[in-house]
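Going by our numbering, the sequence shown opens with residue 360, and the numbers climb by one from there.
From the three backbone atoms N, C-alpha and C, an ideal C-beta is built for every residue, glycine too.
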Amino acid sequence: YIIWHIIILIKNNGAFKLIWVIRLYLLLMSVIYSWIGIWALLDPVAGALDLGWPSFSVAIGLSVTSEIGYSEIAGIYGGLNFCIGLACLLGIFKKDIGIFLIKFITFLVGSIALGRFLFSMLPTTPTFMNAFFLFEVCAFVIGMILLYSNSRMDDGDL
């Protein structure tokens, strides 16, 4: 339903509205990825100080068994997600960077969703259907629509 309205909005209002839809998408991705990155970076500190925050490690289903595990969570989940969020913020103001980031995020979430799906095909593994998978599929579909619309706009077809 939402995706259909995005297509109609872009089709009826052309390039001016497309850039605002792209900026809105990048802003949303910036907030989501920055929040995940900050949460992962601060998770060990919040746990040590018993701040009562929900645990990042528990939310993603990982348990840290050595000190290097905290560094890995901070680096892979914290640093990477935070930098993706900052890059998306930059992409709001520079269209070519924004389009690159939509391509990157679309590839990233599509790859993660595919990995979840393929893993679930192995015998005795859990299903792929969860909130993370739904986010990845939605981000992938919206990203593909934005990239397709942008390419049509560049070709003068819209």
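About 6 Å separates the Cβ atoms of residue 505 and residue 384, confirming a contact at the 8 Å cut-off.
It is roughly 24 Å from the alpha-carbon of residue 489 to the alpha-carbon of residue 438. DSSP, reduced to helix, strand and coil, places residue 421 outside both helices and strands of the structure shown, so it counts as coil. Of the residues 462, 381, 468, 430, the one whose Cα lies closest to the Cα of residue 491 is 468. The Cβ-Cβ distance between residue 472 and residue 496 falls below 8 Å. Each residue's CA atom was taken as its position, placing residue 405 and residue 412 some 7 Å apart. Between the C-alpha atoms of residue 420 and residue 462 there is a straight-line separation of about 28 Å. Here residue 509 carries a helix assignment [DSSP, helix/strand/coil].
Of the candidates 381, 403, 507, the residue whose Cα lies closest to the Cα of residue 433 is 403. In the DSSP assignment, residue 430 falls within the alpha helix (DSSP H) that extends over 426 to 431.
Comparing C-alpha distances from residue 377 to each of 481, 477, 451 shows the shortest one belongs to 451. About 7 Å separates the CB atoms of residue 436 and residue 395; that is less than 8 Å, so the two are in contact.
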